[in-house]
Each structure stands twice: as C-alpha cells, then as structure tokens.
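Written below as structure tokens is the structure these notes are about.
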Amino acid sequence: MRHTMYSKCLVTGAAGFIGSRLCTRLLDEGHEVVGVDGFTDSYDPSEKLARAAALAARPGFTLVSGHLADLPLTRVLNGSEVVYHLAGRAGVRASFEREPEYRRDNVESTEALIEAARRSQTVRRLVYASSSSVYGNAPVPFREDGETVPVSPYGQTKLDAERLCLASNGGELETVALRYFTVYGPGQRPDMGLRIFAEAALSGRPLRVFGDGSQSRDFTYVDDIVRATRAAASTTASGIAINVGGGSRVTLIETLDLLSRIVARPINVHFEPFAPGDALHTGADLRRAGEVLGFEPSTPLQEGLEAEVEWVLRRRRAARREAA
Ligand SMILES: NC(=O)c1ccc[n+]([C@@H]2O[C@H](COP(=O)([O-])OP(=O)(O)OC[C@H]3O[C@@H](n4cnc5c(N)ncnc54)[C@H](O)[C@@H]3O)[C@@H](O)[C@H]2O)c1
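Position in the sequence shown (first residue = 1) + 4 = the numbering used here.
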C-alpha cells in the first residue's frame with residue numbers, strides 16, 4: 005500500500021527536541037497533529053513545556069499530556085493514520101543509573117503503543133525513532149544488516165523497542181525503524197555534547213571531555229532527521245531499520261576546533277577518562293536511506309553548528325533580559 009498524504013498524524017515525544025521540530029514541520033505542511041508527551045524528568049521540564057506551549061499556540065495541534073504507559077491509547081490514536089514514535093528516555097550515561105525508567109519509557113511504552121496501533125481502525129504506519137546506540141562498537145560504517153551489540157542500557161532498550169516495532173510489521177500495520185545518529189541543532193537537549201560544548205565555549209567555562217578526543221561521531225542536523233522521518237511515512241518499504249546519519253564522521257578534537265572558530269575564542273578543555281557506554285566511533289552507511297527514502301543529508305556540520313550556537317546565544321540573551 006502506498007501512502008502519499010496523511011491528514012491526521014500522531015507524534016509521541018512531541019515536546020522533545022526532535023519531536024517538536026517534526027510537529028512544526030507537519031503543521032507547516034498542513035497536517036493535523038496530535039502530540040503526546042509525558043514531560044518526564046529526563047531533563048529540565050521547562051524546556052519541554054516551552055516547546056509544547058509554542059506548538060499548542062498553532063492551529064491544527066492538539067496536546068495530549070501523559071505517559072504512554074498510562075494513557076488510554078486506543079482513544080488517543082483514533083483518527084490518526086501515521087504514528088511517529090519519538091517518545092523515549094534518551095542519553096547513554098544516565099541509563100546506567102536509571103535502568104528501570106529507561107525500560108518503562110522505551111520498551112514498555114512502545115509495547116503499549118504498538119498494541120493500541122494494531123487494534124486501531126485508522127493507524128496504517130508507525131515510524132520508530134531508533135538509535136545508532138544499537139550498534140555499540142560494531143565496525144564503522146554501521147550497516148543495518150550488520151551486528152548490533154549495544155554497550156549501554158539505553159542502547160539495549162532502543163534495540164528491544166526497535167525489535168518490537170519491526171516484529172509487528174504486517175497485516176494492517178506497517179512499521180519502519182530509523183536509526184538516528186547524534187542529532188544536533190537549535191533546541192538540542194541540554195545533556196548532549198554539542199549543546200554542553202557550545203554553552204561552555206560561550207561562557208568561557210572549562211570543558212570536561214571524556215576520552216582523549218580521538219573518538220568520532222556522525223553528527224546529523226535536526227532538519228535532515230525530520231526530512232528523513234517524513235520520508236519514512238510515505239515509502240512503500242516496511243519491516244526494516246534504516247540509518248539516518250549526517251554523512252561524515254568528525255573527531256571530538258575536530259569538532260572542538262570548529263566550535264572554537266565559530267565562537268571566535270579558545271576553548272579550555274580538560275580531558276577525563278572515557279565514560280562507560282560511549283561508543284568509540286559512530287558512522288552511518290547511508291545506502292539504504294538513499295535507496296528507500298531518497299535521503300541524503302544536506303547540512304554540513306559548520307552550518308548546523310553555527311545555527312545551534314546562534315540559538316544558544318539567543319537563549320542566553322533572553323535569560324539575561326528576564327533576570328534584569
Ligand atoms: N537526539 C539524538 O541524538 C537521538 C539519537 C538517536 C535516537 N534518538 C531518539 O529520538 C527520540 C527523540 O530524542 P530527543 O533527543 O528529541 O529526546 P527528548 O528527550 O528531547 O524527547 C523525548 C520526549 O519524549 C517524552 N517521553 C519520554 N518517554 C515518554 C513516554 N514513555 N511517554 C510519553 N512521553 C515520553 C519526554 O518527556 C521528551 O519530551 C528518542 O526516542 C531518542 O531515543 C535521539
């Protein structure tokens with residue numbers, strides 16, 4: 005079955021970094037969007053509340069506040085044809101201390117959502133936000149049909165939820181899992197590297213870096229992620245995982261050099277031992293994304309990082325105005 009146009013869709017994790025950007029894009033395209041968010045304690049809820057308030061001010065958007073494991077999902081899903089499932093507890097390091105929360109938010113919630121989607125009369129497709137963390141320290145570039153050996157509870161819960169989604173493909177429900185690679189850009193989560201680096205660089209604070217800086221990441225700009233996620237709703241392929249990466253791999257040292265040039269000041273870096281759970285290198289093989297989604301990343305790291313730094317600067321100015 006080929007879907008080309010959806011009038012109503014549901015986004016879980018709508019108040020999150022990526023979910024809110026996806027909702028904005030869907031509303032811009034004229035879709036009716038139901039956004040679900042449980043405003044979990046993964047980071048400062050005021051950031052999530054601000055994103056939700058901006059979305060709620062737009063015609064066509066309905067906010068459903070609640071945790072997926074508690075909501076009456078059959079009712080919430082009613083009328084939606086596509087579900088973009090981005091709700092989840094993200095972040096590698098915290099997952100070692102809070103495994104039960106990661107299991108509830110990522111696996112049990114996904115299970116409940118899939119069950120309701122299967123019962124639904126209207127839902128035809130579910131797009132799941134999986135993660136490059138499912139690969140652990142597999143050889144780069146990571147290939148979708150290569151090995152998955154997560155090295156953190158976070159990666160394991162994302163893989164477990166991805167398997168639930170893909171195993172549910174068939175009958176009236178089509179499912180696709182997108183393995184996002186380190187997403188960045190304006191609005192990035194406060195616990196993520198580039199946001200922490202940008203805030204430290206702008207304030208002149210010393211920066212703690214885990215490892216010797218030789219680890220590398222495939223950074224993906226948030227609007228590229230949103231574009232791939234939209235494309236996954238209208239492809240005919242289903243029952244598969246697809247990498248969504250930024251198209252190039254950059255070491256931490258190179259990233260900090262670039263950031264230092266963007267903020268036009270030196271960055272004072274303290275190197276500390278490697279943190280458990282962090283993959284040494286990540287890199288996406290994007291052939292499947294090209295073939296199945298027609299996806300190619302289009303935002304170079306410099307451009308995307310400039311946009312993120314600009315956003316951090318605007319936030320700092322707004323906070324100063326408020327404090328004055
Ligand atoms: N940001 C990245 O680099 C990245 C990389 C790979 C995968 N992902 C995945 O993409 C998704 C979005 O990531 P993000 O960076 O926007 O994170 P985020 O934490 O900003 O957004 C997730 C949102 O989901 C909500 N939520 C979490 N569990 C919920 C539940 N069970 N029920 C209802 N609401 C719930 C949270 O309150 C939050 O607002 C996550 O599933 C994450 O695992 C993100």
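From the three backbone atoms N, C-alpha and C, an ideal C-beta is built for every residue, glycine too.
Computed from a predicted model, the values in this text were never measured in an experiment.
Under the three-state reduction of DSSP output, F100 falls in the helix class. By a beta-carbon distance limit of 8 Å, A279 does not contact R93. Their separation comes to about 18 Å. The straight-line gap separating the alpha-carbon atoms of A237 and G23 is approximately 15 Å.
For I257, same chain residues with a beta-carbon under 6 Å away, outside a window of 5 residues either side, are G217 in chain order. Take I244, set aside five residues on each side of it, and the residues of its chain with a beta-carbon closer than 8 Å to its own are E148, L170, V180, A181, R292, V296, in chain order.
The residues G287, A288, D289, in chain order, have a CB closer than 7 Å to that of P145 in the same chain once the five nearest residues on each side in sequence are set aside. Rounded to the nearest angstrom, the gap between the Cα atoms of G197 and D222 is 13 Å. In this structure, DSSP gives I244 an extended state, which the three-state scheme calls strand. Short note on N173: C-beta not closer than 8 Å to any heavy atom of ligand 1.
By alpha-carbon distance to D109, the top candidate from L59, P63, K162, G64 is K162. The residue among L130, D32, K12 with its C-alpha nearest the C-alpha of N82 is K12.
The C-beta distance from L90 to A133 rounds to 4 Å, short enough to fall under 8 Å. DSSP places Y158 in no beta strand (DSSP E) but in the uninterrupted alpha helix (DSSP H) bounded by 157-171. Ligand 1 has no heavy atom closer than 8 Å to the beta-carbon of F201. Under the three-pair Cβ rule at 8 Å, the region 50-65 counts as touching the region 29-38. Here the alpha carbons of S302 and P270 stand approximately 28 Å from one another. Per DSSP, the beta-bridge partners of L211 are V273. Counting every other CB atom within 10 Å of its CB across the protein chains shown gives P154 a total of 16 or more, marking it as buried. Within the same chain, T179, S242, G243 come within 7 Å of N173 by CB-CB distance, once the 5 residues on both sides are set aside. Rounded to the nearest angstrom, the Cβ distance from V254 to S220 is 6 Å, consistent with a contact under 8 Å. Looking at G42, T240, G191, the one whose alpha-carbon comes closest to that of L177 is T240. Boundaries cannot be given for S302, as no beta strand (DSSP E) includes it and DSSP labels it neither H nor E. Distances between the C-beta of A19 and the heavy atoms of ligand 1 include at least one below 8 Å. The Cβ atoms of V111 and L14 do not sit closer than 9 Å to each other. Ranked by how close their Cα comes to the Cα of R107, the residues G159, R29, D282 have G159 in first place.
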